[in-house]
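As structure tokens, the structure follows; a few thoughts come after it.
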Amino acid sequence: MISIQSVSHRYTSGHELQFADWQVNNGEQWLLLGQSGSGKTTLLHILTGLLTPTNGKVKIGDTDLYSLSAKKLDAFRGQQIGIVFQKPHLIKSLNITENLLLAQSFAGLPNNKKRVEEVLDSLNMLPKKNAYPQELSQGQLQRVTIARAVINKPTLLIADEPTSSLDDHNAEAVLALLKEQSTLNQATLVVATHDKRVKDAFTLTYTLS
Amino acid sequence: MSPFKISWKNIWSKPLNAALNILLIAFGTGILTVLLLASTQIEDKLAKNSKDIDLVVGAKGSPLQLILSSIYYIDFPTGNIPMNEAKKLMRNPFVKRAVPLALGDNYNGVRIVGTDSNYISLYGLKIQSGNFWKADLEATIGANVAKEQNLKVGDTFFGGHGLTEMKDEHKDHAYKVVGILEPQQNVTDNLILTAIGSVWKMHGDEGEAHEEGHDHAAEADHSHDEDREFTSLLIQYRSPMAVAMFPQMVNQTTNMQAASPAQESTRLFSLIGVGVDTLQWFAVLIMLIAAISVFVNLYNSLKERSYDLAIMRTLGASKGKLFSLIILEGLILTLIGTVIGIALGHGILQLISSYQESSQAKMNGLIFIKEEFYLLAAGLAIGIIAAIIPAVQAYRSNISKILAKN
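Order-wise, the sequence lines are chains A and B. Residues in the first sequence are numbered from 47 upward in steps of one, following my numbering. Residues in the second sequence are numbered from 3 upward in steps of one, following my numbering.
Shown next, in the form of structure tokens:
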């Protein structure tokens, strides 16, 4: 599913980060561990086609990410990769349903309201489908961003510190949701974190030093 | 989710900002629309009313005043000219057609024009009902006069002395409406036409007689050609050669003056033009401020939205998509503003025209002209120009950096 080979990234400050080669198989659930500043976010951005590495090769499925044109890369990301960020961020001017439809549109897929309701239902957010982001709590927002990440049935689901701003109870819930949704949508899951509470939930771990 | 809907929703997530931008643009466009419509309509009216008139001859004084009073019926006449002298000019070989005018009376502010049947052919007048005037004290009225003064064929009315007020009514002689003109879309819509003899009768053959308090009827009976006067003559040339010779001849050899409607209209317009120019620059300035305001609005919101835009990129939106979203926002704002502005301009002009006293220069806010498309195009151009820098910024933004910061 994911394969990175001799990938390194040089920051504008001149500091260079070398990433160990990594092979992830279809449907696996991985934990990406590392202290803050260890390059977790950088690696996630490289994996999702947001940041071109200085060296090396990144393959998602059969696609060599950085051989794609900028436009094709954006479309590929929209259709194949779902991303959940640390802070749940939705477009404030749109309601929950519209935020999800937006994800379909930007990925170049037709709007499918049934799919939107199906995903919201699986996350117990269906009653809030017409609410605006500012009407929801942090936990609810995080659920919607998970919904948004899986709406297009991506092959890869990536979460960047999804639990760090949540309390124990919510952190556990979100983690369970991510695992559940990745299974439900047959997506490979990578969760990047420095949160020790998450560790036990995964067997496969890639550690950044 | 169409790009239009995304942009639209984002604009209205900040209704006050959007309203301010739209207001500024609407204001600027509104002023420009009023100027555009008013100047086209005035120019059009000036041209229409002096279409077939090559020269106006009247008493010495301001040539502009002579033109205004004898062609547009706005200002006061410069005075009167002796009929005998005028008749000599009317027989001049250069003259194809000469129409005498006798002004001086009004009915509720509508000017009464004493003239002869040449006036009918000069303006190509047609009758809607009734007949043209024949005898003295018969009147044929313009279409607007019939409507606004509620006059029908067969009605009678008294003329008032002067051009604007009904102060001294000529109670001795009543006019009788014998006909109503078809709408002509020129000054004659707002005039009462009658025979020259009627005006002479009212004034006992001479304006002074009235002031001295003579009995009109008695005076009118023993009138003589030597005392009679016209206000002015409208002249059509027989040949273009007359342009060079005739006015000079009138000005040098007679006690009258000749004024060319074309020349004086141009002069008048160059006078008005200064004011129009000033207003135009004012409106352009407002448009400029509007453009800056749209720019600042988009630019500021871009800072707040950089994370939004980055998220959109992670959802698969290309750089070009973000670029077009921002441009679209600028376009929507200015398009709404321009459309409202144009509507506002028409409304204001209609409002002005409803307060306008002078029926001759009355404007119409319901006429649309193709130049307004240029205004629309200008509005759209402003939208694009104001949005281009923010759009380029959105296009160039480094999403990895933006996402990493949060």
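Every residue gets a Cβ at the ideal spot worked out from N, C-alpha and C, and that includes glycine.
How would you label residue i, buried or exposed, when you count the other beta carbons within 10 angstroms and need 16 or more for buried?
i, result
"B/Ser-272", "exposed"
"A/Gln-232", "exposed"
"B/Ile-369", "exposed"
"B/Gly-277", "exposed"
"A/Trp-76", "buried"
"B/His-224", "Here the model assigns B/His-224 a pLDDT of 44, short of 50, so the residue's position is not dependable and the matter cannot be decided."
"A/Pro-179", "buried"
"B/Ile-274", "exposed"
"B/Phe-375", "exposed"
"A/Ala-238", "buried"
"A/Glu-181", "exposed"
"B/Met-258", "buried"
"B/Leu-353", "exposed"
"B/Glu-266", "buried"
Please classify residue i: does DSSP put it in a helix, a strand, or coil?
i, result
"B/Asp-107", "strand"
"B/Ile-69", "helix"
"A/Asn-108", "Rather than Asn, the amino acid found at residue 108 of chain A in this sequence is Asp. Three-state DSSP puts A/Asp-108 in coil, outside helix and strand."
"A/Ser-168", "helix"
"B/Ile-55", "coil"
"B/Gly-161", "strand"
"B/Phe-232", "strand"
"A/Lys-118", "helix"
"B/Glu-45", "helix"
"A/Thr-251", "strand"
"B/Leu-330", "helix"
"A/Leu-97", "coil"
"B/Val-115", "strand"
"A/Gly-83", "coil"
"A/Leu-203", "strand"
"B/Gln-358", "coil"
"A/Leu-140", "coil"
"B/Lys-154", "coil"
"B/Thr-142", "strand"
"A/Trp-68", "strand"
"A/Lys-133", "coil"
"B/His-205", "coil"
"B/Lys-372", "coil"
Between which two residues does the beta strand (DSSP E) harbouring residue i extend?
i, result
"B/Gln-130", "129-132"
"A/Ala-238", "234-239"
"A/Ser-52", "48-56"
"B/Glu-171", "171-183"
"B/Thr-166", "Neither: B/Thr-166 is in no beta strand (DSSP E) and is coded neither H nor E."
"B/Val-189", "Counting along the chain, B/Val-189 falls outside any beta strand (DSSP E), and DSSP gives it neither H nor E."
Leaving out five residues before and five after residue i in sequence, what residues of the same chain have Cβ atoms less than 7 Å from its Cβ?
i, result
"B/Gln-130", "Ala-145, Ile-182, Leu-183, Glu-184"
"A/Asn-216", "Gly-185"
"A/Asn-72", "Met-47, Thr-234"
"B/Asn-299", "Asn-19, Asn-23"
"B/Asp-54", "Leu-124, Gln-238"
"B/Val-180", "Gly-132, Asn-133, Trp-135, Glu-140, Ala-141, Thr-142, Val-155"
"B/Asn-51", "Ile-73, Tyr-74, Asn-188, Val-189"
Residue range of the alpha helix (DSSP H) that residue i falls in?
i, result
"B/Arg-307", "263-316"
"B/Ile-194", "Not the alpha helix (DSSP H): B/Ile-194 falls in the beta strand (DSSP E), residues 193-197."
"A/Ile-192", "184-196"
"A/Val-244", "Neither: A/Val-244 is in no alpha helix (DSSP H) and is coded neither H nor E."
"B/Ser-4", "Run containing B/Ser-4: none; DSSP gives neither H nor E here."
"A/Thr-229", "214-230"
"A/Gln-180", "Counting along the chain, A/Gln-180 falls outside any alpha helix (DSSP H), and DSSP gives it neither H nor E."
With C-beta atoms as the reference, is residue i less than 8 Å away from residue j?
i, j, result
"A/Leu-148", "B/Ile-8", "yes"
"B/Ile-313", "B/Ala-396", "no"
"B/Gly-332", "B/Val-296", "yes"
"B/Leu-91", "B/Val-252", "yes"
"B/Lys-173", "B/Glu-140", "no"
"B/Leu-235", "B/Thr-117", "no"
"B/Pro-84", "B/Ile-198", "no"
"A/Ile-127", "A/Lys-175", "no"
"B/Phe-325", "B/Ala-393", "yes"
"B/Asn-192", "B/Val-112", "yes"
Given residue i, which residues of its chain have a CB within under 6 Å of its CB, disregarding the five upstream and five downstream residues?
i, result
"B/Gly-30", "Ala-285, Ile-288, Met-289, Ala-292"
"A/Ser-49", "Gln-69, Lys-105"
"A/Gly-95", "Leu-111, Leu-119, Arg-123"
Near residue i, which residues of its chain fall below 8 Å by C-beta distance, leaving aside the five closest residues on each side in sequence?
i, result
"B/Lys-407", "none"
"A/Leu-97", "His-55, Thr-88, His-91"
"B/Ser-64", "Thr-80"
"A/Leu-136", "Ile-142, Asn-145, Pro-179, Leu-187, Val-190, Thr-191, Arg-194"
"B/Ala-176", "Leu-139, Thr-158, Phe-159, Phe-160"
"B/Ile-371", "Leu-38, Leu-39, Thr-42"
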